[in-house]
Structures are given as structure tokens and as C-alpha cells.
Amino acid sequence: AQSVAQPEDQVNVAEGNPLTVKCTYSVSGNPYLFWYVQYPNRGLQFLLKYITGDNLVKGSYGFEAEFNKSQTSFHLKKPSALVSDSALYFCAVRDRSSYGQNFVFGPGTRLSVLP
Amino acid sequence: KAGVTQTPRYLIKTRGQQVTLSCSPISGHRSVSWYQQTPGQGLQFLFEYFSETQRNKGNFPGRFSGRQFSNSRSEMNVSTLELGDSALYLCASSLVPGLAEDTQYFGPGTRLTVL
């Protein structure tokens, strides 16, 4: 069975500082990993995904994520946080071998960037 | 290219009523998935449709149903509404159904309140 953990319900960071939102996963095979962001009263917006190749994935709005197979992690990072980055962030996983399987989402991490 | 659209954006119903939500996928996308988002349970998969056929179903009671039309637009229906059905219902579309690496793109959601 697939599962995703986001160990922090809330992350607070000062504007201009680097931010990290953590994600660990569990799949029986190899994973495809995704990050989405949700602003208030909005749907989820796709940020980036890891399929294969380079472990460092770059995405929208200056975000990047690092895939670490040995630690089964896919942490989201940004070198310099903006107040406008404050939102709810979701990590999601799909098993590569799981034809027809749906996404499994983590519980979400609320990011607050303080001015 | 227009994104995923969902109508209506907000709905208020009373217990025992039924409701129909609509989703139009991104042009060219033929797979539509539905999710329920609540503060307590997070994002939960409801079902996925492709070529007017339900391909995958989450763990929800039979009161939740859906369908897809030949133009890929999808509707979901909830009958005999319960207070616990109050949630944000999200629709997502993707290009290639069942392909694990394919990205799902989300609509803004329909906020359903059951009184």
C-alpha cells in the first residue's frame, strides 16, 4: 500500500529565509512524487514532480524538491521565502508499477511566512 | 488553455437532499478524478472516470456516484446528504488515464455545506 507522511502540521519561516517542507513516502515499488500547493478557497496547484533522473527537481515559483531514495523522502525547498508562499502544501505519491492507481496525498503542511 | 472548471462553486443543502456537482476538464484531457477534502480526513479519493467508464473507486458509500459524458465532462452525485458530507469537492483532470507519471490538474472545487 502507498502512503505519504508530512511530519509537520505547520511550518513558520521569516521572509527571505530558506524554507523546507518535509515529505516521506512508502510504496512497494518505485515512486512518482508530486508537490501541490493550495491557497485559501482554491483548488490544488501543481508545483513539481519527480519521475526519474536527477534527484533535484525544479518547479514553479522558485520551488525545488530533492528525491532521496535511501531516506524515502521528497522534501520541498525554496532558497528565499516570500509572504505570498503562505499556503497549504501537499505531497503525493504514485507507485510506478501501479497502473490505474490513484494518487495518495499526505495530510498537508501549512506554511506561514512572516514578514 | 483554460483550466479545470467546476460548478457551482458553493452549495448549501439540507440533510436528506441530493446534490449534483459538475466538472469540465482541461481541453484534451480525458481522465477525470474526484476528491473530497475535509479538515479531519484530508484529501480522499472518490473515483476516476475515463471514456465514460469508472476505472477506479475509493472507499465511499454508494450514496456517492458519478458519471462521465462523451465530451469528458463529469458529474458527481451525492444522495441522501448527511452532515458529514460537508466538504470541498475537488475535480482533477489528466491527459493519460492510469499512467502513474501523469500529472493531475485540479479545479477550484465546490464547497458543499449540509445543514
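Heads up: the protein sequence lines correspond to chains A and B, in order.
For any residue, its number in the working numbering is found by taking its place in the first sequence, counting from 1, and adding 20.
By the working numbering, the letter at position 111 of the second sequence is numbered 109, and the numbering carries on one by one without gaps.
Ideal Cβ positions, reconstructed from N, Cα and C, are used throughout, including at glycine.
Nearest neighbour of residue i, chosen from the options [CA to CA]
i	options	result
alanine 150 (chain A)	A:Pro60, A:Cys111, A:Phe83, A:Pro99	Beyond the ends of chain A as shown, which are 21 and 135, falls residue 150 (chain A); an answer cannot be given.
glutamate 80 (chain B)	B:Phe62, B:Phe43, B:Leu41	B:Phe62
glutamine 66 (chain B)	B:Pro59, B:Gly105, B:Gln52	B:Gln52
phenylalanine 125 (chain A)	B:Phe43, B:Tyr47, B:Leu19	B:Phe43
glycine 38 (chain B)	B:Thr101, B:Ser84, B:Ser20	B:Ser84
threonine 59 (chain B)	B:Ile24, B:Gln34, B:Gly26	With the sequence shown as reference, residue 59 (chain B) is identified as proline, and threonine is not the correct amino acid for it. Residue B:Gln34 is the option with its Cα nearest to proline 59 (chain B).
alanine 0 (chain B)	B:Phe104, B:Leu110, B:Ser29	B:Phe104
phenylalanine 66 (chain A)	A:Ala85, A:Ser132, A:Ser23	A:Ala85
phenylalanine 94 (chain A)	A:Ile71, A:Asn122, A:Val103, A:Leu102	A:Ile71
glutamine 26 (chain A)	A:Phe110, A:Asp105, A:Lys89, A:Pro135	A:Phe110
serine 90 (chain A)	A:Asp29, A:Leu96, A:Asn75	A:Asn75
tyrosine 81 (chain A)	A:Leu64, A:Thr92, A:Ala101, A:Gly73	A:Ala101
alanine 107 (chain A)	A:Leu131, A:Ala21, A:Asn122	A:Leu131
Simplified DSSP state of residue i, which is helix, strand or coil
i	result
tyrosine 81 (chain A)	helix
valine 41 (chain A)	strand
aspartate 115 (chain A)	strand
glycine 82 (chain B)	helix
serine 49 (chain B)	coil
valine 103 (chain A)	helix
valine 76 (chain B)	strand
threonine 129 (chain A)	strand
valine 31 (chain A)	strand
serine 91 (chain B)	strand
glycine 105 (chain B)	coil
lysine 89 (chain A)	coil
alanine 25 (chain A)	strand
glutamine 4 (chain B)	strand
proline 51 (chain A)	strand
serine 70 (chain B)	coil
glycine 56 (chain B)	coil
glutamine 42 (chain B)	strand
Chain-ordered chain E contacts of residue i [CB-CB under 7 Å]
i	result
serine 31 (chain B)	Included in the structure are the protein chains A and B, with no chain E among them.
Residue i, enclosing beta strand (DSSP E) - first and last residue
i	result
alanine 0 (chain B)	Unbroken run through alanine 0 (chain B): none, as it is neither H nor E.
leucine 19 (chain B)	17 to 22
proline 112 (chain B)	The sequence shown places valine at residue 112 (chain B), not proline. Note, valine 112 (chain B): beta strand (DSSP E), 108 to 112.
tyrosine 59 (chain A)	From DSSP, tyrosine 59 (chain A) is part of no beta strand (DSSP E); its letter is neither H nor E.
serine 63 (chain B)	62 to 66
serine 31 (chain B)	29 to 36
Contact between the stretch 66 to 85 of chain B and the stretch 11 to 23 of chain B is defined here as three or more beta-carbon pairs at a separation below 8 Å; is this criterion met? They touch, by the three-pair rule.
Do the stretch 44 to 59 of chain A and the stretch 14 to 26 of chain B make contact, defined as three or more Cβ pairs closer than 8 Å? The stretch 44 to 59 of chain A makes no contact with the stretch 14 to 26 of chain B; the number of CB pairs closer than 8 Å stays below 3.
Contact between the stretch 30 to 44 of chain A and the stretch 56 to 64 of chain A: three or more CB pairs below 8 Å? Counting Cβ pairs under 8 Å, fewer than three are found: no touch.
Chain-ordered residues of the stretch 54 to 79 of chain A with a beta carbon less than 8 Å from chain B: For the stretch 54 to 79 of chain A, which is checked against every Cβ of chain B, the residues closer than 8 Å are Phe54, Tyr56, Asn61, Arg62, Gly63, Leu64, Gln65, Phe66, Lys69, Ile71.
Compile a chain-ordered list of the residues in the stretch 32 to 44 of chain A whose CB is closer than 7 Å to at least one CB of chain B. Taking 7 Å as the Cβ-Cβ cut-off against chain B, none of the residues of the stretch 32 to 44 of chain A qualify.
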